[in-house]
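First up is the structure itself, then whatever we jot down about it.
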Amino acid sequence: MKKHHPRNLHINGYDLERLSLNNPQLKQLVVSNVKGGLTLDFSDAKAVKALNQALLIEDYKLAVWDIPDTNLCPAVPGRADLIHALADLLASHNNGQVPVGKNTHLLDIGTGASLIYPILAHQIYGWKATATDIDNHSVKQAKNLANFNKLPVKLKLQRNSKHIFKGVINPDDYYHITCCNPPFHSSLDEAHQANQRKWRNLDKDKKAGLNFSGQKAELWCEGGELRFLLTMISESEQYKSNVGIFTSLVSKKQNLTPLTKQLKKLDNCHFQTVPLAHGQKVMNLLCWQFN
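If you're matching positions, the sequence shown starts at 832 in our numbering and goes up one per residue.
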């Protein structure tokens, strides 16, 4: 397993016994492993949700965090790695100093019901955020989380599925950096098939599907990840004066070639890719900016 970012709170793992003390639901789901320690059944969506809920409340000091069972549950340590990577990018343009406080503005594209990136950005570095999503229910849930936890986060509903930034960024807006974890699949059927393969490879056929949740917008979009990010790159040129650094996770390594090819076509555009541990897999963070 790839190591977490050096500043990640969970670079050395997490203490299930400690996390369970104030979280009865998690305590009920913790089991002993063959080495005599404690573990969870990570094919159980309830266990995954209980763990990440405990991490956010106990270690990232949220007052409350919950999402509907129909939404994707983020793996907090991996998501924190992205925020630390964004902080490093900003520091590289700030004399090596990581920016802290509400003067730094993050734009999160496709925040989902979990609001995970704005939450971590604020709890770790004190940044403010604007978060968008195309699903109205996710926006409402995320807005509730922001309000309950008194976070400096503004929610926006993207009303047009063909656009990424258009309709979200206003002429007088400025964001220091953007982030996105784009829909991976091109159809719901493709998403289901991928989930079945995942559990077969882990010899968990009987449990396939138990940890498979997520609204349509979280899992797939027409054209999949590649088309989504090509649209993002195309639109980014129109908003180059509104954003310091554009970024997005890229799950499929083969997509980097057509994406960087598209970036090369843009005038005065500089880009880089940053390998990033995201849970159990290594992904790439694609970053670009305009002079």
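The beta carbon of each residue, even a glycine, is placed where N, CA and C say it ideally should be. This structure is a prediction, so every number in the text was calculated from the model and none was measured.
Please go through the same chain and pick out, in chain order, the residues whose beta-carbon is closer than 6 Å to the beta-carbon of residue i, but skip the five residues on each side of it.
i	result
T935	W958, H1007
F1102	L1094, W1119
K858	S851
Q972	A944
K1112	none
E1068	L1097
Taking Cβ positions, are residue i and residue j nearer each other than 9 Å?
i	j	result
L976	A911	no
V1074	L1116	no
K985	A952	no
N980	V1105	no
L1107	I1064	no
N843	I888	no
I940	S1079	yes
I898	Y948	no
L946	L920	no
R838	A918	yes
L1060	P1002	no
Y891	F996	no
For residue i, which residues in the same chain have their Cβ closer than 7 Å to its Cβ, ignoring the five residues on either side in sequence?
i	result
V861	L847, S851, L869, L871
K974	L986
Y845	L886
N967	L988
N1122	N1099
A881	N854, Q856, L857, L860
S863	L869
Per DSSP, which one or two residues make a beta bridge with residue i?
i	result
W1119	F1077, F1102
I888	Per DSSP, none; premise fails for I888.
M1114	L1107
V984	A960
Y1070	In DSSP, Y1070 forms no bridge with anything.
I940	T963, C1011
V862	T870
Y1006	V1074
Quick one: residues in its chain with C-beta nearer than 8 Å to the C-beta of residue i, no 5 flanking neighbours on either side, listed in chain order?
i	result
H994	T1062, E1066
K1037	In this prediction, K1037 scores a pLDDT of 45, lower than 50, which makes its location untrustworthy; the coordinate-derived value is nonetheless stated afterwards. Counting only Cβ-Cβ distances below 8 Å, and skipping sequence neighbours, we find nothing.
L1087	V1081, T1104, N1115, L1117
G998	Q989, R990, N991
H924	G1075, I1076
A922	Q928, V929, P930
Assuming residue i contacts residue j (C-beta within less than 8 Å), just tell me the rounded distance between them.
i	j	result
K987	T963	5 Å
L893	I950	7 Å
L937	C1010	7 Å
K1092	E1056	In fact, because the Cβ distance is near 15 Å, the residues do not count as touching under 8 Å.
A916	H836	7 Å
Do we get a CB-CB distance below 9 Å when we pair residue i with the residues of chain D?
i	result
L860	The structure shown contains no chain D, having only a single protein chain.
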